[in-house]
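Here the sequence shown is numbered in full-length UniProt numbering, starting from 1 and rising by one per residue.
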Amino acid sequence: MELDNVILYRITHVENIPHVLQYGITHKDSQNKSSTFKNIGDLSLIDNRSEKAVVVDNGNSAFDKDLSSIVLGDFIPFYFGVRMPMLYVAQHGGNFVEKPTAPDDIVYLACPLSKVISSRIDFFFTDGHAFDMLTSFYDATMVNELVSIVDWDAVRSSYWGGNENLDVKRKKQAELLVARDLPPDFITGFGCYNDLAKSRLVTFGVEESKIKVIPKAYY
Numbered sequence: 001m002e003l004d005n006v007i008l009y010r011i012t013h014v015e016n017i018p019h020v021l022q023y024g025i026t027h028k029d030s031q032n033k034s035s036t037f038k039n040i041g042d043l044s045l046i047d048n049r050s051e052k053a054v055v056v057d058n059g060n061s062a063f064d065k066d067l068s069s070i071v072l073g074d075f076i077p078f079y080f081g082v083r084m085p086m087l088y089v090a091q092h093g094g095n096f097v098e099k100p101t102a103p104d105d106i107v108y109l110a111c112p113l114s115k116v117i118s119s120r121i122d123f124f125f126t127d128g129h130a131f132d133m134l135t136s137f138y139d140a141t142m143v144n145e146l147v148s149i150v151d152w153d154a155v156r157s158s159y160w161g162g163n164e165n166l167d168v169k170r171k172k173q174a175e176l177l178v179a180r181d182l183p184p185d186f187i188t189g190f191g192c193y194n195d196l197a198k199s200r201l202v203t204f205g206v207e208e209s210k211i212k213v214i215p216k217a218y219y
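In structure tokens form, the structure reads like this:
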């Protein structure tokens, strides 16, 4: 894996796509945020992120008193792969998901990491689930090490259930955290479940050449 080939993924409800095409991927506190945003995530986790402070240790000991900290809710989270545990909960319900969302209503937004880097937007990244005590947080000065820090076998793993796979599940959910809105031209691809979902994206104005039907990226 080369740094230039790293793609960031975020899932959203298909009904949010018109707003995404106009404003891009917006932060919850953005002046351009959608007043009709349709949520598919775990509401309790979203609320907890707004208050969760974490130490940015760049993989070193967190006992250093000079280490800085960030609040997760101040950033837009992206994954480095598809078919995450969060997607399973979104599709099947559970936790504090309001109701299950059909796979053909869920769209992947794909953004090259290189665009974020070149834009000089502030960002951080993790080597695992942001709430796990074993996870380390890294600032942008460590981005050239990102490819070796992220466990790509875990990110791509199809099997993450059970106690024997707890660390695989943690590493699979490594994140990149972006400090502000990403404009529409940062989104280079849209992933969807079937041809019906694809036709809806086209109707909304997504270029057909940017759409991939990828049912294997869903549960």
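Think of the CB as a built atom: it goes at the ideal place given N, C-alpha and C, for glycine as much as any other residue.
In this text the structure is predicted, and so the values were computed from the model without any measurement.
Ends of the beta strand (DSSP E) at residue i?
i, result
"residue 10", "7 to 13"
"residue 97", "First-last for residue 97: undefined, no H or E at that position."
"residue 54", "53 to 56"
"residue 76", "76 to 79"
Quick check: residue i and residue j, are their CB atoms within less than 7 Å of each other?
i, j, result
"residue 88", "residue 193", "no"
"residue 179", "residue 75", "yes"
"residue 176", "residue 137", "no"
"residue 115", "residue 186", "yes"
"residue 172", "residue 150", "no"
"residue 13", "residue 181", "no"
"residue 157", "residue 168", "yes"
"residue 97", "residue 47", "no"
"residue 72", "residue 130", "yes"
"residue 197", "residue 127", "no"
What does DSSP give as the partner residue(s) for residue i in the beta ladder?
i, result
"residue 203", "Paired residues: none, contrary to the question."
"residue 191", "108, 212"
"residue 124", "139, 177"
"residue 70", "54"
"residue 182", "25"
Give the C-beta separation of residue i and residue j to the nearest angstrom, bearing in mind that I take them to be a contact with Cβ-Cβ under 8 Å.
i, j, result
"residue 190", "residue 211", "5 Å"
"residue 67", "residue 54", "Going by Cβ atoms, the distance from residue 67 to residue 54 rounds to 10 Å, so no, they are not a contact pair."
"residue 107", "residue 25", "Between residue 25 and residue 107 the Cβ distance is about 12 Å, and since that is not below 8 Å, they are no contact."
"residue 144", "residue 3", "7 Å"
"residue 40", "residue 90", "5 Å"
"residue 170", "residue 139", "About 20 Å; that fails the 8 Å criterion."
"residue 21", "residue 204", "7 Å"
"residue 19", "residue 34", "4 Å"
How would you write the range of the alpha helix (DSSP H) that residue i sits in, first residue to last?
i, result
"residue 90", "85 to 92"
"residue 18", "17 to 23"
"residue 130", "Where residue 130 is concerned, there is no enclosing alpha helix (DSSP H), given that its DSSP letter is neither H nor E."
"residue 117", "113 to 119"
"residue 154", "152 to 156"
"residue 149", "146 to 149"
"residue 167", "166 to 172"
Closest Cβ-Cβ distance between residue i and chain C: below 7 Å?
i, result
"residue 188", "Absent from the structure: chain C. Only one protein chain is present."
Quiz item: Does the stretch 99 to 106 touch the stretch 71 to 85, meaning 3 or more C-beta pairs lie closer than 8 Å?
Solution: no
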